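Colleague: Protein chains in written order, with the numbering used here: chain X, 16 to 220; chain L, 27 to 197. Just so you know, even glycine gets a beta-carbon here, dropped at the ideal spot from N, CA and C. Values in this document were obtained by computation on a predicted structure and should not be read as measured data. Take this structure first; my questions come after.
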Amino acid sequence: MPADLRLMIPTTPNVEPDDRKLVETIRSGDADAFETLVRRKTTKVYALCYRIIGNAEDAKDISQLVFLKLWENLGKYDPQYTFDTWLYRMVTNVAIDFMRNKQSRENAVNSNLRLVRTAADAEQGVVVQRKEIENVFNDIANVLSPKQKTIFVMNQMEDLPSAQIAKILGCRESTVRNHLFNARKLMQEQLQKRYPEYAQLWRDK
Amino acid sequence: MIHCESFRTRFGVNADDPAVLEHLRACDRCLDFAAQQDPDVMFRALGGAEMMPPGGVDAFVDDVMTQVRVRSAEDTVHARPEQHWARRLAIAATIAAGVTGAAFFYSSDSTITPAVSRPVAAVATKTFATKPVVESYESQNATIVEVPGEEAGNDDVKIVMIFDENLPADL
C-alpha cells in the first residue's frame, strides 16, 4: 500500500472516549453521556455490590444508589485520579454503610443457607462446583466485618492489588493486608465449622 | 485463553497471572485441580466481572436514568424559590426607591406651596399619564382576573388584574 494512502487510514477508529473525557462531556451538560457511563460501568459496579452484599436485589438497589450519588457528585471528581478508583470508593462506601445498617438490623448470622450434600457427593469426595462455592462464600462471609469482606472481595475476586485497595478505601496498605489476613483466617474457621468437606482442602496448608 | 496444560504449568508459578485467573474462572476441571493445589483459589475462582443485575443491563440503565431525570426536575423546582426571592427583593427595592423618591418630592414641594392648594384631580391625571396602557395581553404563564362594572346590566369590564412573573416590575 502506498505511504500516502496508508496515512489516510485512521489509526484509532471508533474508539470510545475514555472515562475522563466522558465525565467532561457530562459536566458540560450532556445527559446522554451519563447514560453511556452508566452502561459502561453497570456490570463492574453491580458485581462488586453483589459480592459485598450477597443478595441480588439489594445489590441492584445499592448499585442504582451509587449511580445517583455519582450523578450528584460528578462535579467533585478530580481528573488527575483514575476514575475507577474514585467510583470504587463510592461503591465501597455505600455498600459498607448498607452492610453495617443491615447487620445492626439483623444482628445475627444467617445460617439457613447450609448446603446439603448427597451421599454420592460424599463418596466422590470434594468436587468443587462454582454455584456451590458462591453459596458457601455468601454463607460464611457473613462473619466478616463489612470492611474485611470488601477487601477480601476486591483482592480475591476483582484482582485488585493491596496498594489500589488502600487508595480506594483511603487507608494504609498494611491495614489492607491485616484485614485480608484476618478475613482469610475467619473464613477458614467458618469453613472448618460449617463445611468440613471444603475445609479439608486447607488441612495441609 | 490458555490451554489446560499451560494453566497447570503456570498455576504453580504465579496464581495471580491474569491469564491463569481467566482460565481458572472458566474451566471446571482445572478449578478442581487448582483447589487441591492451593485452596485459596477456591473463592478466587468466582471472579467479579460480567455480572448482570436482575432484569438486565438495559432495564437497569433505564431505571437509573429515570431517577436521574426525576432528581434533576426536583432540583429545578427547588431552585425556583431563590429566583422568586431575588425577584421579590428587586421589586421591594424598586418600591422603596419609589416611595422614598415620592416622599422626598412631596416634602420638598410642600415647603414651597401648601398641600391644600394643590388640585387633587390634576395630580392623579398626571400620574396615570406616565404609565403605559395595556390594550391587550397574551401570555401562557399569566393569570388574568376580570372584574365587571358595579352598575347592573353593564357588561363592560372595568378592572383587569394581571398576575404574571414576566411583567416588568414597574408596570
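Restricting to Cα atoms, I'd like to know which of X/F113, X/G44, X/V158, X/F49 is closest to X/C64.
Modeller: The shortest Cα separation from X/C64 among X/F113, X/G44, X/V158, X/F49 belongs to X/F113.
Colleague: Using three-state DSSP, classify L/E164 as helix, strand or coil.
Modeller: Reduced to three states, the DSSP call for L/E164 is coil.
Colleague: Can you tell me the Cα-Cα spacing of X/L159 and L/N167, whole angstroms?
Modeller: Distance between the alpha carbons of X/L159 and L/N167: 59 angstroms.
Colleague: Pick helix, strand or coil for X/T97, following the three-state DSSP scheme.
Modeller: Three-state result, X/T97: coil.
Colleague: Using a Cβ-Cβ cutoff of less than 7 angstroms, which residues in the same chain neighbour X/Q163 once the five nearest sequence positions on both sides are dropped?
Modeller: Within the same chain, X/Q163 has close Cβ partners H194, N197, A198.
Colleague: Any beta-carbon of chain L closer than 9 angstroms to the one on X/A71?
Modeller: So, interface residue.
Colleague: So, X/T58 versus L/M77, is the Cβ gap smaller than 9 angstroms?
Modeller: The answer is yes: Cβ separation under 9 angstroms.
Colleague: Listed in chain order, which residues of the region 74 to 106 of chain X have Cβ atoms closer than 8 angstroms to some Cβ of chain L?
Modeller: The region 74 to 106 of chain X vs chain L, Cβ under 8 angstroms: A74, K75, S78, Q79, F82, L83, W86, E87.
Colleague: Does the Cβ of X/M169 have 16 or more other Cβ atoms within 10 Å, making it buried, or fewer, making it exposed?
Modeller: Under this definition X/M169 is a buried residue.
Colleague: Inspect the CB distances between the region 77 to 84 of chain X and the region 89 to 103 of chain L and report whether three or more fall short of 8 angstroms.
Modeller: Yes, since at least three Cβ pairs between the region 77 to 84 of chain X and the region 89 to 103 of chain L fall closer than 8 angstroms, the two stretches touch.
Colleague: Taking beta-carbon pairs under 8 angstroms, can you tell me which members of the region 47 to 71 of chain X lie near chain L?
Modeller: Hits within the stretch, in order: F49, E50, V53, R54, T57, T58, K59, Y61, A62, L63, Y65, R66, A71.
Colleague: I want to know whether the region 53 to 64 of chain L touches the region 29 to 39 of chain L - three or more CB-CB distances under 8 angstroms.
Modeller: Segments in contact, yes.
Colleague: Does the region 199 to 216 of chain X come close enough to the region 110 to 121 of chain L to have 3 or more Cβ pairs within less than 8 angstroms?
Modeller: Taking 8 angstroms as the limit for Cβ pairs, the verdict is that the region 110 to 121 of chain L does not touch the region 199 to 216 of chain X.
Colleague: Going by beta-carbon coordinates alone, are X/E147 and X/A62 separated by less than 9 angstroms?
Modeller: No.
Colleague: Whose C-beta lies closer than 6 angstroms to the C-beta of X/F49 among residues of the same chain, with five residues either side of it excluded?
Modeller: Cβ neighbours of X/F49 beyond the five flanking positions: I41.
Colleague: Given a cut-off of 9 angstroms, decide if X/K91 and L/P80 are closer than it, judged by their beta-carbon atoms.
Modeller: The answer is no: Cβ separation not under 9 angstroms.
Colleague: If you drop the 5 nearest sequence neighbours on each side, which residues of the same chain put their C-beta closer than 6 angstroms to that of L/M68?
Modeller: Excluding residues within five positions, the ones whose Cβ falls inside 6 angstroms are A61.
Colleague: Please classify L/I28: does DSSP put it in a helix, a strand, or coil?
Modeller: Here L/I28 sits in coil by DSSP.
Colleague: Look at the Cβ atom of X/R66, then the Cβ atom of L/L72, and state whether they are nearer than 9 angstroms.
Modeller: Cβ atoms of X/R66 and L/L72: closer than 9 angstroms.
Colleague: Going along the chain, which residues of its own chain have a beta-carbon closer than 7 angstroms to the beta-carbon of X/K200, five neighbours each way excluded?
Modeller: Contacts found: none.
Colleague: Please tell me whether X/V38 has its Cβ less than 9 angstroms away from any Cβ of chain L.
Modeller: Output row for X/V38: interface = no.
Colleague: Below 8 angstroms between beta carbons is the criterion; list the residues of the region 27 to 57 of chain L that meet it against any residue of chain X, in chain order.
Modeller: The residues in question are D42, P44, L47, D54, L57.
Colleague: When you compare the CB of X/V168 with every CB in chain L, is at least one pair closer than 9 angstroms?
Modeller: Chain L contact via Cβ: present.
Colleague: Note down the Cα distance separating L/H29 from L/H49, rounded to an integer number of angstroms.
Modeller: Their backbone Cα atoms lie some 8 angstroms apart in a straight line.
Colleague: Would you give the residue range spanned by the alpha helix (DSSP H) that L/D43 belongs to?
Modeller: Counting along the chain, L/D43 falls outside any alpha helix (DSSP H), and DSSP gives it neither H nor E.
Colleague: What's the C-alpha gap between X/W101 and X/T165?
Modeller: Taking the straight line from one Cα to the other gives about 15 angstroms.
Colleague: Quick one: Cα of X/D99 to Cα of X/R55, how far?
Modeller: Looking at the two C-alpha atoms, the distance is approximately 11 angstroms.
Colleague: What residues in its chain sit with their C-beta under 7 angstroms from that of X/D219, if we drop five residues either side in the sequence?
Modeller: No answer about X/D219 holds up, because its pLDDT of 47 lies below 50 and its placement is not dependable.
Colleague: Measuring straight from C-alpha to C-alpha, what distance separates L/T126 and L/E191?
Modeller: Cα-Cα distance, rounded: 25 angstroms.
Colleague: Indicate whether at least one CB of chain X lies closer than 9 angstroms to the CB of L/A99.
Modeller: Chain X, which has no Cβ nearer than 9 angstroms to the Cβ of L/A99, makes this no.
Colleague: Mind checking if L/I188 is an interface residue toward chain X, Cβ cutoff 9 angstroms exclusive?
Modeller: It does not: the Cβ of L/I188 has no partner Cβ on chain X nearer than 9 angstroms.
Colleague: Looking at X/M105: is its Cβ nearer than 9 angstroms to the Cβ of X/N116?
Modeller: No. Outside cutoff.
Colleague: Should X/A178 be labelled buried (16 or more other beta-carbon atoms within 10 Å of its own) or exposed?
Modeller: X/A178 is exposed by the Cβ-count criterion.
Colleague: Identify the continuous alpha helix (DSSP H) that holds L/C56 and give its terminal residues.
Modeller: L/C56 -> alpha helix (DSSP H) spans 54 to 63.
Colleague: Closest Cβ-Cβ distance between L/L193 and chain X: below 9 angstroms?
Modeller: Taking Cβ atoms only, chain X never reaches closer than 9 angstroms to L/L193, which makes this a no.
Colleague: Between the Cα of L/D58 and those of L/F33, L/G82, L/D42, L/D43, spot the shortest distance and give me the residue it belongs to.
Modeller: The shortest C-alpha separation from L/D58 is found at L/F33.
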